[in-house]
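Residue numbers (my numbering): 3 to 97. Each residue gets a CB set at the ideal place from its N, CA and C atoms; glycine is no exception.
What follows is the structure in structure tokens.
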């Protein structure tokens, strides 16, 4: 009988992908809060905004968009994709 080969991945790879995913989730949450005019004075919205601003890195203002909605989507959407790609790349390289 042939031995089964399992490819469960390493804990480091899973951790790196998870971190990238969580950072992207914060950015997407901030985008949703801004686009749907979630109460900015609320504690949750303030906490997410404070966490999202430094995570957006250099993406805000990188591309000028004609509308506010498109600008927010580009600024934080590109940053979220960056963190997802970086987490996956680091997981593949180091895991």
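Residue 31: member of the alpha helix (DSSP H) spanning 13–37, first to last residue.
Secondary structure note for residue 40: it is in no alpha helix (DSSP H), with a DSSP letter that is neither H nor E. If you compare the alpha carbons of 17, 31, 77 and 89 with that of residue 65, the shortest gap goes to 77. With a cut-off of 8 Å on Cβ pairs, the region 73–87 is in contact with the region 19–28, counting three or more such pairs. By a beta-carbon distance limit of 8 Å, residue 93 does not contact residue 13. Their separation comes to about 11 Å. When DSSP states are grouped into helix, strand and coil, residue 49 belongs to the helix group.
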